[in-house]
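See structure below.
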Amino acid sequence: MSPADRLFLDAVRSLDEALMRLDGMLGRVADWPEDRLAALLSSRLAPDMFTFAQQVRTAVQFALRIALPLADQPLPEPPAATPDLDDLRRRIAAARGALDLPDVAFEGAATRRYRERAGFADLDLSAGDFLVRFGLPNFWFHLTTAYALLRAAGAEVGKADIDGLHDYPPGFSF
Numbered sequence: 005m006s007p008a009d010r011l012f013l014d015a016v017r018s019l020d021e022a023l024m025r026l027d028g029m030l031g032r033v034a035d036w037p038e039d040r041l042a043a044l045l046s047s048r049l050a051p052d053m054f055t056f057a058q059q060v061r062t063a064v065q066f067a068l069r070i071a072l073p074l075a076d077q078p079l080p081e082p083p084a085a086t087p088d089l090d091d092l093r094r095r096i097a098a099a100r101g102a103l104d105l106p107d108v109a110f111e112g113a114a115t116r117r118y119r120e121r122a123g124f125a126d127l128d129l130s131a132g133d134f135l136v137r138f139g140l141p142n143f144w145f146h147l148t149t150a151y152a153l154l155r156a157a158g159a160e161v162g163k164a165d166i167d168g169l170h171d172y173p174p175g176f177s178f
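Per the numbering used here, the sequence shown starts with residue 5, numbered consecutively.
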């Protein structure tokens, strides 16, 4: 495997790890009362932004939009959305399963091209440009927005839930 192809494989492995952490964050609110969960699922940072539920769905879909074409795999149509936490967690589990690809699937990834839509713009990008200029920034944007909405709703999540590395004592604040 070329060093460039290895980079794409490593990027996909990091997406899988991020989805695992996202599922962990959702698990922390699974026992919230129904009305509090409903408020979270429909919450937005601003009126023209996606809801929390759509931020999660979009992050999951971006993980697939990045990984599957790199592995020369077709991108499946996302299932119809249902407005509940279980739906989000099922999507994460299904995406993680789809990302569990053999290393050999990424051979030649650096030579692939992406033809995508970005809002109303048509894109035609090399795999490298797609990954660093569009795919990863959008994945992290939607995941971080979901994280911000969780925090704003009172969920006990922190920076370690994003990167798995940070450690702060209980009650720590900047």
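Quick reminder that beta carbons are idealized off the backbone N, C-alpha and C, glycines included.
- Secondary-structure assignment with DSSP links L129 through a beta bridge to Y118.
- 7 Å or more divides the Cβ of A67 from the Cβ of L26.
- DSSP places E38 in the uninterrupted alpha helix (DSSP H) bounded by 38-46.
- As summarised for the region 42-124, the continuous beta strand (DSSP E) elements at least 3 residues long and confined to that stretch are 117-122, given in chain order.
- Its chain contains A15, I70 as the residues whose beta carbon lies nearer than 8 Å to that of L140, once the 5 sequence neighbours on both sides are disregarded; these appear in chain order.
- Contact check between the region 154-166 and the region 27-40: three or more CB pairs, one atom from each, fall below 8 Å, which counts as touching.
- Exclusion of the five residues before and after Q65 leaves P82 as the residues of its chain whose Cβ lies within less than 7 Å of its Cβ.
- Between Y118 and L129, the beta carbon gap of about 5 Å places them in contact (Cβ cut-off 8 Å).
- Its Cα nearest to that of P78, the residue A109 stands out among A34, A114, A109, P87.
- Looking at L23, L74, P80, the one whose alpha-carbon comes closest to that of R10 is L74.
- Counting the other Cβ atoms within 10 Å of the Cβ of A43 gives fewer than 16, which makes it exposed.
- Closest by C-alpha distance to T62, out of E21, F145, D76, is F145.
- M29 sits in a helix when the DSSP states are folded into three classes.
- In this structure, DSSP gives A34 a state outside helix and strand, which the three-state scheme calls coil.
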